[in-house]
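Enquirer:
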Amino acid sequence: MTTLKAGDKAPDFTVEDQDGNEVKLSDFKGKKLVLFFYPKASTPGCTAEACNLRDNWEVFKEKGYAILGVSADSKRRQTNFKAKNELPFPLLADEEKEVINAYGVWGPKKFMGKEYDGIHRTTFVIDEDGKIEEVIGKVKTKDHAAQIL
């Protein structure tokens, strides 16, 4: 789906998290960033993925990674998802799909025979200089941390 690949400069963004705080890609300069896009907060696959990253949070921190989740959900829905699952990282409420479109993860999908537009579950690992290190398109929701680390 996305045309971005390892070695590309990560598209810059400024969008609000679940609490209304402005989050920019440049906030993470000097850190490694795991930017994971998920279709919808509080659905089974997205919950499994977010909780797997949460359960490995200490390992990510030790290795110098920050984590950001992104979906087109409202701030309220992101706040509920974060609180219910005790997620230690921010969730971006990208309702205007600015980040989603910049990273090319929005497009046609099929589910139970129906075709619709939505977010393709994709993770970008971005280095300290804002370059994409890895693009993970086939995300294993229950074992995503292992794919990244």
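In the numbering used here, the protein residues as written are 15 to 163. No residue lacks a Cβ here, since even glycine has one placed at the ideal position from N, Cα and C. Bear in mind the structure is a predicted one, so any value in this text is a computation, not a measurement.
Which stretch, first to last residue, makes up the beta strand (DSSP E) that contains residue 59?
Expert: From DSSP, residue 59 is part of no beta strand (DSSP E) but of the alpha helix (DSSP H) over 58-69.
Enquirer: Quick check on residue 86: does DSSP put it in helix, strand or coil?
Expert: Reduced to three states, the DSSP call for residue 86 is coil.
Enquirer: How big is the Cα-Cα spacing for residue 116 and residue 75?
Expert: When rounded, the distance between both Cα atoms is 26 Å.
Enquirer: Measuring CB atoms only, is the stretch 52-61 touching the stretch 117-135, in the sense that at least three cross pairs come out at less than 8 Å?
Expert: Cβ pair count under 8 Å is three or more, so yes.
Enquirer: Let me make sure I understand the geometry here. Which of 111, 80, 32, 141 has the alpha-carbon closest to that of residue 91?
Expert: Closest option to residue 91, Cα to Cα, is 32.
Enquirer: So the candidates are 150, 35, 106, 18; which of them puts its Cα closest to the Cα of residue 54?
Expert: The option with the nearest alpha carbon to residue 54 is 106.
Enquirer: Quick check on DSSP: helix, strand or coil for residue 97?
Expert: Helix, per DSSP.
Enquirer: For residue 148, name the three-state secondary structure that DSSP assigns.
Expert: Of the three classes helix, strand and coil, the one that applies to residue 148 here is strand, per DSSP.
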